[in-house]
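Below: one structure, written as structure tokens.
2 protein chains.
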Amino acid sequence: MAYAAIMGYGVVGSGVFSVLRENAAFIEKQLGMPLSVKRILDLRSFSGGDAAPLLTHDAEDIINDTEINIVVEAMGGLNPAFEYTMRALRAGKHVVSSNKELVSVHGAELMAAAAANHARYMFEASVGGGIPIIRPLKHMLLTESVSQAAGILNGTTNYILSMMREHNAGFDETLKDAQRRGFAERDPSADVDGFDACRKLAILLSICVGRYVNFSKIPTEGISAVTKDDFTFASAAGDTIKLIARADIRDNVIDARVAPMVLSKESPLGVVNGVYNAVSFTFSAIDNILLSGRGAGKYPTAGAIISDMAEALRITEAAPMWSGAEAALSAPGEAIDARMVRMSYTDAQAARDAAERVFQTNDLIWIDAGIPNQTAFFTPPLKESEYDAKIRALSRAPGISVKNSFRLYAVR
Amino acid sequence: MAYAAIMGYGVVGSGVFSVLRENAAFIEKQLGMPLSVKRILDLRSFSGGDAAPLLTHDAEDIINDTEINIVVEAMGGLNPAFEYTMRALRAGKHVVSSNKELVSVHGAELMAAAAANHARYMFEASVGGGIPIIRPLKHMLLTESVSQAAGILNGTTNYILSMMREHNAGFDETLKDAQRRGFAERDPSADVDGFDACRKLAILLSICVGRYVNFSKIPTEGISAVTKDDFTFASAAGDTIKLIARADIRDNVIDARVAPMVLSKESPLGVVNGVYNAVSFTFSAIDNILLSGRGAGKYPTAGAIISDMAEALRITEAAPMWSGAEAALSAPGEAIDARMVRMSYTDAQAARDAAERVFQTNDLIWIDAGIPNQTAFFTPPLKESEYDAKIRALSRAPGISVKNSFRLYAVR
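Following this line, the structure appears as structure tokens:
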């Protein structure tokens, strides 16, 4: 018999509770034992329903209950989630979490504490909601190493960019519409500024390299500067724009970045639209694996948590997926990328001449999108520092204004 | 300490041996114990190398060795793989397999024998090579049920169709080229006639419904009738043609099929090209998960096998994923699909009139691909039996010859 407690009875916590109830017989058969929720921690009070009799406001009722052997942490945030998680692990309880803030900051300590206490700290639901990512990745890492990880890791921004493209609309109006429809938070910064995707990328990279990847050191750009005109030019080239979290890993040095990037609309990530998420791993021998699906939602996230619970109850010992030693990120300015550059001009031929002079080539690929006095082109792959110098030079050319630029996800 | 034996030292078996050697230290750390290969069964003799001293021609040397606790079956075929697997399981050994023939026929019996002997029978590598499919599916089925499974499950046919599209080439010449390049067998029937994809679909469906799905009852069409002209019309409509294995599951009745189908070239399966495989599951709550990657190959397949070995050594008890009770397949002729129909004509207007008369609508969607005296159109969704009657009627119209037709993967 396994007894669980749920800390935090919001969308995710209540989803876990109801899915565990509805699937109790089936889960019991698969686990070989019944799994029953004994306690629910929440600051709020509520009455009625099956959950109310289990409610407590005091975490001690869970941490000190020796019958409870597994805890679902669905509170979010660093505090008090960190303290409660650490104390539950030290009491030998498994903890399963959807809390990407906590995992991205304290994952190494918590997994080490789990291992020292013959318990598991698991968090499949922290990246990609119901998409199975961490468990397959971990299994593949038994025999492979990852050379690139890349993905669309935030559903809100992918929804906004997909709608901008589909309706030929601007960022502000599309964000407002997404907020009305419940696809964006009232304070959308964590999503639209790329921080959510950045934390998820850091978690995946920590697993890939076995060391702590500090998310605050990953260069991160959001999507608020993406315009209607950028999509018009990207579309004219057969491309689209997505917020991509990408990292190349060479000799254990990570070149990571979160930014809106241009990619083919017929590519595996280019067709991932709406609130869908996707992540692709390039391995030494398997080439490439893509995992995609809806990246959030009450029941998918609950499903991921219950999968972790089932594993924790059967595999009670596991080495930490990463240590606290910080992984090396490559020096800023060293990344090599091709880019799409959009500019306005007063004289078309003069603008082309200036760009070709600055980029020292007659082979720039130009995009004609039918917008008066605007053009766009693809640069060759260049180091960030070199590109920055060239784009400054181009901006100084008379009659030219550089409007925006995007890295290409892959070289054309 | 875990001792393994490998039965069958071909591409897969030798891949497992070398990957286990190369990653020995890391695998030991993850498993918490060393995993060492003690015996290799093969009919051939070979000398030199690390494997030779372990070679035996007698399966008894493995089955009767009480120190060996896990067996990799990479022989393929039904016999003697079935007998050896059954005896190993009855001796309490785990068996991990890449043998889709055996799993699709005797999976239920073998899993039952495993469960009765506190051992595991596992076969992640039998579907999709190195793509993690069975393990994630099984985890998701803890809390979800599948309403549709669909995929590109055969790399050879996907390579051939991708090349036909890319090079505007016919089937026969592309097959020959694929054989020359090693992407197709000398006897290509199992692949090009759809049987390989059909067995893999049957395995996935058996997992989804928990009962034996008889692959020989799944309507299966291969790709040898797909022509250059079919691709020309599909492309003109923004579509492509893929060999799709698809099943809808309603009230535990399965409507399954393997056939070349028309789908958007900007859809998640439409962008899966070359030897890549992909499978998509539609769940009750998660909507849709897509898993894709290279579906075969020595090292990816070895990786999947070693993942299974790692799980079997840590989770030694598991309920069989399906029983021997046969699942119900829907009656033939009941499936409802829209189709792309290609025909030649002597009079363009008369051909259109005839098609609209037969399909009783003025809303057929016509495709103009610039091929003289040919056209194609999309039908509305129709029961197979109704469609067959209409297409017979259309074929009788004067000056018309129906050349080919394809189900659409999704309604347009």
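Protein sequences, first through last, are from chains H and W.
Okay, so the first sequence: first residue is 915 according to the working numbering, each after it adds one.
Okay, so the second sequence: first residue is 915 according to the working numbering, each after it adds one.
Positions of the beta carbon are idealized from the N, C-alpha and C atoms, including for glycine.
Would you mind telling me which residues of chain W sit closer than 9 Å to residue 943 of chain H, beta carbon to beta carbon, in chain order? Here residue 943 of chain H refers to the residue found at position 29 when the first sequence is read from its first residue. Those are 1233, listed as they occur along chain W.
Could you check whether the region 1158-1175 of chain H touches the region 1058-1069 of chain H, counting it as contact only if at least three pairs of C-beta atoms, one from each stretch, sit closer than 8 Å? yes
Cutting at 8 Å between CB atoms, please list the residues of its own chain near residue 1327 of chain W, excluding the five before and the five after it. Nothing can be reported for residue 1327 of chain W, as the shown portion of chain W is limited to 915 through 1326.
Measuring straight from C-alpha to C-alpha, what distance separates residue 1158 of chain W and residue 1251 of chain W? For the purposes of this step, residue 1158 of chain W is identified with residue 244 of the second sequence, where counting begins at 1. For the purposes of this step, residue 1251 of chain W is identified with residue 337 of the second sequence, where counting begins at 1. Cα-Cα distance, rounded: 14 Å.
From which residue to which residue does the alpha helix (DSSP H) around residue 1142 of chain W run? For the purposes of this step, residue 1142 of chain W is taken as residue 228 along the second sequence, with counting starting at 1. Run containing residue 1142 of chain W: 1142-1150, per the alpha helix (DSSP H) assignment.
Run the CB neighbour count on residue 951 of chain H, radius 10 Å, all protein chains shown included, and call it buried at 16 or more, exposed below. Here residue 951 of chain H corresponds to residue number 37 of the first sequence, with the count starting at 1. It counts as buried.
Compute the Euclidean distance between the alpha carbons of residue 1077 of chain H and residue 1216 of chain W, then round it to the nearest angstrom. Stepping through the first sequence from its first residue, residue 1077 of chain H is reached at position 163. Stepping through the second sequence from its first residue, residue 1216 of chain W is reached at position 302. Their Cα atoms are separated by approximately 42 Å.
Mind checking residue 1113 of chain W: buried by the 16 CB within 10 Å criterion, or exposed? The sequence position of residue 1113 of chain W within the second sequence is 199, counting from 1. Buried: at least 16 other Cβ atoms inside 10 Å.
Extent of the continuous beta strand (DSSP E) to which residue 1201 of chain W belongs: Taking the first residue of the second sequence as position 1, residue 1201 of chain W is located at position 287. Where residue 1201 of chain W is concerned, the enclosing beta strand (DSSP E) stretches over 1201-1208.
Between the region 1269-1281 of chain H and the region 1303-1314 of chain H, are three or more C-beta pairs nearer than 8 Å? yes
State whether the region 1051-1058 of chain H contacts the region 1204-1219 of chain W, with contact taken as three or more CB pairs (one from each stretch) at a distance under 8 Å. yes
Using a cut-off of 7 Å between C-beta atoms, extract the partners of residue 933 of chain W located in chain B. Looking at the structure shown, chain B is missing, and the protein chains on hand are H and W.
Near residue 1086 of chain H, what residues of its chain come up, given a Cβ to Cβ distance below 8 Å and the 5 sequence neighbours on each side ignored? Within the first sequence, the letter at position 172 stands for residue 1086 of chain H. Cβ within range, chain order: n/a, list empty.
With distances taken between CB atoms, is the gap from residue 1117 of chain H to residue 1140 of chain H smaller than 8 Å? Translated into positions along the first sequence, residue 1117 of chain H becomes position 203. Translated into positions along the first sequence, residue 1140 of chain H becomes position 226. In this structure, residue 1140 of chain H does not lie closer than 8 Å to residue 1117 of chain H by Cβ.
8 Å Cβ cutoff, residue 1216 of chain H in contact with chain W: For this step, residue 1216 of chain H is matched to residue 302 along the first sequence. Yes, contact with chain W.
Own chain, CB closer than 7 Å to residue 1239 of chain W, minus 5 neighbours either side, in chain order: For the purposes of this step, residue 1239 of chain W is identified with residue 325 of the second sequence, where counting begins at 1. The answer, listed in chain order, is 1125, 1126.
By alpha-carbon positions, which one of H:942, H:983, H:1015, H:1247 ends up nearest to residue 912 of chain H? Lying outside 915 to 1326, the shown extent of chain H, residue 912 of chain H is not represented and no answer is given.
Per DSSP, which one or two residues make a beta bridge with residue 987 of chain W? As a position in the second sequence, residue 987 of chain W is number 73, starting the count at 1. Note: residue 987 of chain W sits in a beta bridge opposite W:921, W:1011.
Confirm, please, whether the CB-CB distance from residue 1268 of chain H to residue 1314 of chain H is below 8 Å. Mapped onto the first sequence, residue 1314 of chain H falls at position 400. Mapped onto the first sequence, residue 1268 of chain H falls at position 354. Yes. Within cutoff.
Let me make sure I understand the geometry here. Which of H:987, H:1266, H:1286 has the alpha-carbon closest to that of residue 1280 of chain H? As a working mapping, residue 1280 of chain H is identified with position 366 in the first sequence. Checked all of H:987, H:1266, H:1286; the closest Cα to residue 1280 of chain H is H:1266.
Length at least 4, wholly inside the region 1197-1284 of chain W: the alpha helix (DSSP H) runs in chain order: 1212-1228, 1262-1272
Taking the alpha-carbon positions, what's the residue 1256 of chain W to residue 1102 of chain W distance? Locating residue 1256 of chain W in the second sequence gives position 342, where the first residue counts as 1. Locating residue 1102 of chain W in the second sequence gives position 188, where the first residue counts as 1. If I take the Cα positions, the gap works out to 27 Å.
Got a sec? Which residues, its chain only, sit under 6 Å from residue 1209 of chain H by beta carbon, not counting five neighbours each side? Taking the first residue of the first sequence as position 1, residue 1209 of chain H is located at position 295. The answer, listed in chain order, is 1042, 1043, 1069, 1191.
Determine which residues of the region 1178-1202 of chain W have a Cβ less than 7 Å from any Cβ of chain H, and write them out in chain order. 1179, 1180, 1181, 1182, 1185, 1199, 1200, 1201, 1202
Between the Cα of residue 1151 of chain W and the Cα atoms of W:1176, W:1300, W:1135, which residue gives the shortest distance? Taking the second sequence and counting its residues from 1, the one referred to as residue 1151 of chain W is at position 237. For residue 1151 of chain W, the nearest C-alpha among the options comes from W:1176.
When we look at the beta-carbon of residue 1010 of chain W and count the other beta-carbons within 10 Å, is it buried (16 or more) or exposed? By 1-based counting over the second sequence, the position of residue 1010 of chain W is 96. Label assigned to residue 1010 of chain W: buried.
Is residue 1259 of chain H a contact residue of the ligand HEM, with contact defined as CB to any heavy atom under 7 Å? With respect to the ligand HEM, the structure shown offers nothing to examine, as it has no ligands at all.
Give the DSSP bridge partners of residue 1173 of chain H, in chain order. On the first sequence, residue 1173 of chain H is found 259 positions in, with the first residue counted as 1. Its beta-bridge partners are H:1158.
How about residue 979 of chain W and residue 1001 of chain W: do their beta carbons lie closer than 8 Å? Translated into the one-based positions of the second sequence, residue 979 of chain W becomes position 65. Translated into the one-based positions of the second sequence, residue 1001 of chain W becomes position 87. In this structure, residue 1001 of chain W does not lie closer than 8 Å to residue 979 of chain W by Cβ.
Which residues, in order along the region 999-1021 of chain H, keep a beta-carbon less than 7 Å from a beta-carbon of chain W? none
Amino acids of chain H, ordered along the chain, whose beta-carbon sits closer than 7 Å to that of residue 1256 of chain W: Working through the second sequence from its first residue, we reach residue 1256 of chain W at position 342. Going along chain H, no residue has its Cβ under 7 Å from residue 1256 of chain W, so there is no contact; the nearest lies around 23 Å.
Partners in chain W for residue 1229 of chain H, counting only beta-carbon separations shorter than 8 Å: In the first sequence, the residue the question calls residue 1229 of chain H occupies position 315. Per Cβ cutoff of 8 Å: 1228, 1229.
Rounded C-beta distance between residue 1105 of chain H and residue 1099 of chain H? I'm assuming under 8 Å. By 1-based counting over the first sequence, the position of residue 1105 of chain H is 191. By 1-based counting over the first sequence, the position of residue 1099 of chain H is 185. Going by Cβ atoms, the distance from residue 1105 of chain H to residue 1099 of chain H rounds to 7 Å, so yes, they are a contact pair.
Can you find the residues in the same chain that come closer than 6 Å, C-beta to C-beta, to residue 941 of chain W, ignoring five residues on each side of it along the sequence? On the second sequence, position 27 is the one that residue 941 of chain W refers to. Correct list, in chain order: 949.
Using CA coordinates, which residue listed in W:1203, W:1244, W:1287 is at the minimum distance from residue 1170 of chain W? To locate residue 1170 of chain W, count along the second sequence from 1; it is residue 256. Answer by Cα proximity: W:1244.
So with Cβ pairs under 8 Å, would you call residue 992 of chain W a contact of chain H? As a working mapping, residue 992 of chain W is identified with position 78 in the second sequence. With 8 Å as the cut-off, residue 992 of chain W does not count as an interface residue toward chain H.
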